[in-house]
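See below:
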């Protein structure tokens, strides 16, 4: 039997005006287990808490009920107070007689009656409370960042700056991601590389950051504070410790026909290559699919050329295992494939390009050295048509239902840059809506229209067809209510962006949520935007949803803060109100496992002793560090083997009983 | 011997009900069970067997025995025992009537079950001869005459009439109150009745279970029976439900349970079944952890333990309800035959 | 049936949810018979959605649609303007209880640029 | 409505999830939004913690109405909890209807932490409906009634 | 049917003799020709008593929970509906598939002795199956019935003649696989007024004697300890001193098996009071089909049951009141 103390707070007149606190205190003494009751003006004050503490010590209380404001306000306060004098904090329950009673009722009799009932329910619950001890688990003081784009780099830098180790795993040979491919950034028009590459160098140089480029995460196990990841380092065929990144090999390489990924395939690279001049880490890598040595066994020119003796044709993939306390997913995005958009003729016409391709064309390090030349005949285009919302906001199978968010702004940027550099060029932008919610965004767009004379046409393009060396663009001008036809030299498609294909695999690996568009789901859309629903897994950048660079960077830093907050702890205190499986009742049906959003339940074969009968049974086992205590499993379990500590079936039923009594 | 026209039975029920409660087999949702008679009740004296036996009238499935009342922090206890009012149970078959003797031997032996006793004292049993015995009946094996049932009053259907024969003082007292409805039977009636009884006997003689050799069970070799290998195969298909025990007229085990009403506690007893895993559950667990052990308990009790404690009387009246109701068709007949029959 | 009921009816028989329209105009941009039509596919959607059905019913635009389905094919929101136009056409045909196209008029209307398929489907549709 | 209904004050049990609805109820309180005192809230971590047994238990013990409140679908603190609630309670409540228990005695509402006013109006509406239905006689345990005294 | 039984018997002996299995679970003859009992046969000689006819209704799947954990392989004869139960048990990891050799056995529908009795045949001492008709030999003469009229409820609402899991099949006369409308009974109750529905169920459930036969026979009720037997669950009870307890027991049981119930109909078959319990389970099946898409528990051993699954655009619980009727 418990020895329960009931403490009724007046909250000044907030409670006392509508609830006869003395009456509640007197009624409490009639409840089973209650040995003491008291009322006080401000129970949360130091002296109010003192009252509670004294009673715990003097009356030997084993449970405490505080009838006061919402537990969301002061549950923690009173639990702490109880703990300070040796009572398990989970033996304290709050009856909310302010927000749920005194504030919403005017009649004192009514308010008092309800307060008594709420008190009773809390007492009934405490009678069944058990001391709960929060589990603790050690935190590995190292974070893993999956993806080395601007999101991953920023997160890693921020974590490293706080003094924790970070590993970046990037599947490409260099970090930098999409931002490295961009020419200029909106709305400031500063050079993308100029702001990104210093960060890349910082990351590489940071003693707390380790970059695993050309590597992929194969599997992750464990839980918050204690993950184990297997990372596969793909064979580069170049020894990283020896390669100086001089690039001589890439010049000598006789196989030069491979489309250059970095330039979106608009020019070619050698079989041994360095993705771009500012690559980090700057090591050459051999593409075995293109390399003559791998194809024919001959050649070996690079090996001979390399003074550092870095080339190693026999290198194998290597898998390493590392422990982490936290994981940040920053897998980024890709431009969607345009194979199914026949109307724009992207696959047939070299002069129909994506915006990302245009970025490369405009870039000084790009395939044309920065000159705006159309791909087919390398002439300067006189008329350029930009098409917005290609594959975004649609409902066809090839479309994405969401807005890709960045296209309006980068198209304005492109249009503006072209008009500035080549004032003789006519630029048309077909748009459905122009969306510019961002600092200085609308001003930027207006400048494109007003200052640079870009023709914005409200309407969509229906068809692009090759016509006498030009591209005939059929579009509609809805404001004119006309179909217009433009013979353009170049058509630029603002193709939708989608999460990188690795996101889905990684989400499954990390048991974190993913939405129908394969964007990873945040724990709460408003309040926990950079956390995933799985503890210890954080989201950074476009893997969570379309974002521009400033948003990505701020989210990256936010994710870093969450990671730092986690890694700063030596141990994590787990929520003790977690599910618990009664191994004698569990029949191994797996229903609970199916509803657990965190993958906290696993099934194990265990020998149990059922009243002397020993047998191996398949039973559910809850990882308390992973369980967040939602209770979904408890209802899925037909045998009642699964219960939730702190909110057990019997406790809740006791509350129900007390209320309905 | 008295008689009443079948078509006047409703009047008879009403007349009995005027003075005391009348239990009679009634159809509710398509199933006959003993129920308190009231105007418009669907009385069913045709169906041979009620689902639950007549024992329910004296030993209800649930019965309050005490209550605890909470006032502040004080608890007061009150017995729920009260004297029963007079009542009549009508339409009891010979086998069910015999089962009362078996229940008596348990409940009325020291210590006396006062709840049961008061009902037995105040209850008048009107039996009814079985006009149409069925294949599952084997009352004859226990020396029960289904054509000539016992009870305070025995009744018989023949032709247009129900014949009425008071057998005890209780029976005579009740009969007196019904004089206006009952006529005296003539010689012709007696002939008709005799003919009817003869017919019943003839059919009974043809029942497939008419001959059931119980001699094996009379032998005093408890341990041999207990340790027999045959239990395993017999019990294999038992699903451990309590259908047999709850329809059985002689099963008398009950559990005492408490129900928290919120403002007090109700202590009640309710039928229990030795087929259940938690039967006689104790702190260390159940004494009979396997279904075979529980199965064996039931039949050892009926055929060995009870007779050895009660002058050789088996705790079975051959009503055949278990034969009919077992979902898997396992029953006492199979047990009797397996041990004492051809398989031996 | 008043106009709004008629508009509802057109939506019902066509199965088109005009509210899904994004107002991008891609249907009209795609329309190969744009020149010939007084009202264009996007206007069909817009007019029916917003209560200007009378204009469509007074016009012969519905009969100018070649039902090539380019608009249906291209529409990013799967609105299916051609189905809506078809429903308007049906409404008109039923209303007037007469065929819009007489077989002997077809020759006259034949246009060398018209795709063969469109002629055949027009025959099938409008001469019933 | 009969006289009985006018004086009848139903007992209502409201299960509220800690993250949205309980906070919504707090907000209703902070905003001094009135709703009947008959509503008694039980806090659960998530609406998916509510076992059908609890709902039946409430009716057994004399509740006249049971309402479940959770985060709006998609906003669950535990990401998926209320999706399960939605299925379970749809099934349970339709089943109770199948047994002839009045539909109006059960309800599921999604109330976010910001919807204090909605919480109050939902409760007002629910209490009104249950009051109109009158006392719960169909799915309750007579033994728990105050009038069920010893020996009766 | 007789031919099927003969083949089955021969095959069982063969498999025993070949050592493929060391036990056989099937049905054994009873006292009256209508009371077949599930039985485990261990010897070829014992299989003499094997019976398979219109009274081989008991679903053997649940026995396999225990049997499949024993040493050696067991041969099980499963009727089409029994195979659903078995699949569902695989899904719930309750049986060891590797230890069971399944012969899917043809089923033309099982007869119900209670219906035969209710239709006026008292004192049935034997029953003969003549294909289209069954003849009840009784103490009071023979009574002939059209077989379709005396089928068990579960067979009248047969969900199909396809075996969903088996190692081999014994099907001599392929049966019409036209699934019947299982939901007519549920619909009839849905169409009642709430008061009628309530009265119907109150009367039906008032008969319940809590013998637990429905639960114990149910292949979905495979908990090691039922909440109603567990004193620590807070809802344990043995009998129903109040009508509420009857409701609670049957509601919770139906809810616990919802999405897992294969509609094998055993609950209704075994109820000594003939409570139409299948209607409770079928109501859930019907609702789940309507709200969450067609789902047949036990059709395979992988798909997630509807109640441990969800979709983001599921119907809101308000659909119940939107369906019409009172609020």
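Chains as they are written, first to last, in the numbering used here: chain G, 1 to 661; chain W, 662 to 1005; chain D, 1006 to 1133; chain Z, 1134 to 1285; chain C, 1286 to 1612.
Beta carbons are placed, not taken as given, at the ideal position from N, Cα and C, and that holds for glycine.
Since the structure is predicted, the reported quantities are computational estimates derived from the model, not experimental observations.
Residues of its chain near residue i, where Cβ-Cβ distance is below 6 Å and the 5 sequence neighbours each way are ignored
i: residue 1292 of chain C; result: 1455
i: residue 574 of chain G; result: 134, 135, 624, 625
i: residue 144 of chain G; result: 167, 229, 324, 327
i: residue 1339 of chain C; result: 1395, 1396, 1414
Close Cβ partners of residue i (< 8 Å) along its chain, the five nearest in sequence each way excluded
i: residue 1556 of chain C; result: 1498, 1499, 1562
i: residue 372 of chain G; result: 361, 362, 380, 381, 418, 421, 422, 425
i: residue 449 of chain G; result: 456
Min CB distance residue i to chain W below 8 Å
i: residue 1504 of chain C; result: no
i: residue 1206 of chain Z; result: no
i: residue 1333 of chain C; result: no
i: residue 1463 of chain C; result: no
i: residue 1518 of chain C; result: no
i: residue 661 of chain G; result: yes
i: residue 612 of chain G; result: yes
Cβ of residue i within 8 Å of any chain Z Cβ
i: residue 168 of chain G; result: no
i: residue 1495 of chain C; result: no
Sheet register partners of residue i (DSSP bridge)
i: residue 143 of chain G; result: G/166, G/326
i: residue 137 of chain G; result: G/572
i: residue 653 of chain G; result: Residue 653 of chain G is not bridged to any residue.
i: residue 647 of chain G; result: Its beta-bridge partners do not exist; DSSP assigns none.
Neighbourhood of residue i by C-beta, 7 Å cutoff - its chain only, sequence neighbours within 5 removed
i: residue 1166 of chain Z; result: 1249, 1250, 1253
i: residue 1263 of chain Z; result: 1143, 1145, 1197, 1198, 1237, 1238
i: residue 724 of chain W; result: 776, 929, 930
Chain G within 8 Å of residue i, Cβ atoms only
i: residue 1056 of chain D; result: no
i: residue 1003 of chain W; result: With a pLDDT of 49 at residue 1003 of chain W, under the threshold of 50, the predicted position of this residue should be treated as unreliable, though the coordinate-derived value follows. Not an interface residue.
i: residue 1509 of chain C; result: yes
i: residue 1135 of chain Z; result: With a pLDDT of only 44 at residue 1135 of chain Z, under 50, the local geometry of the prediction cannot be trusted, and no value is derived from it.
Neighbour flag for residue i against chain C, beta carbons, 8 Å
i: residue 804 of chain W; result: no
i: residue 1272 of chain Z; result: yes
i: residue 1248 of chain Z; result: no
i: residue 509 of chain G; result: no
i: residue 722 of chain W; result: yes
Any non-hydrogen atom of the ligand MG closer than 7 Å to residue i Cβ
i: residue 1464 of chain C; result: The ligand MG is absent from the structure shown, which contains no ligand whatsoever.
- Task: Report the residues of the stretch 1137–1158 of chain Z with a CB closer than 7 Å to any CB of chain C, ordered along the chain.
- Result: Along the stretch 1137–1158 of chain Z, there is no position whose C-beta sits under 7 Å from a C-beta of chain C.
- Task: Entirely within the stretch 684–738 of chain W and at least 3 residues each: give me those beta strand (DSSP E) ranges in chain order.
- Result: Segments of the beta strand (DSSP E) lying fully in the stretch 684–738 of chain W: 692–697, 723–732.
- Taking only beta carbons into account, state which residues of the stretch 465–484 of chain G come closer than 9 Å to chain D, listed in chain order. Cβ proximity to chain D below 9 Å picks out 473, 474, 475, 476, 477, 478, 481, 482, 483, 484 from the stretch 465–484 of chain G.
- What are the residues of the stretch 629–643 of chain G that lie near chain Z, defined by any Cβ-Cβ distance shorter than 7 Å? Under the 7 Å Cβ criterion, the stretch 629–643 of chain G contributes 629, 630, 631, 632, 634, 635.
- Query: Any residues in the stretch 878–898 of chain W with a beta carbon nearer than 7 Å to a beta carbon of chain C? Which ones, in chain order?
  - Reply: Those would be 897, 898, in chain order.
- Task: Check each residue of the stretch 1222–1249 of chain Z: if its Cβ is closer than 8 Å to any Cβ of chain C, include it; give the result in chain order.
- Result: Answer in chain order: 1222, 1223, 1224, 1225, 1226, 1227, 1228, 1229, 1230, 1231, 1232, 1233, 1234, 1235, 1236, 1237, 1240, 1241.
- Query: Quick one, which residues of the stretch 926–937 of chain W are near chain Z if we go by CB-CB under 7 Å, in chain order?
  - Reply: Among the residues of the stretch 926–937 of chain W, those with a Cβ less than 7 Å away from any Cβ of chain Z are 927, in the order of the chain.
- Every unbroken alpha helix (DSSP H) within the stretch 866–945 of chain W, with a cutoff of 4 residues, ordered by chain: Secondary structure remark: continuous alpha helix (DSSP H) runs of at least 4 residues inside the stretch 866–945 of chain W, in chain order: 876–879, 883–887, 891–896, 904–908.
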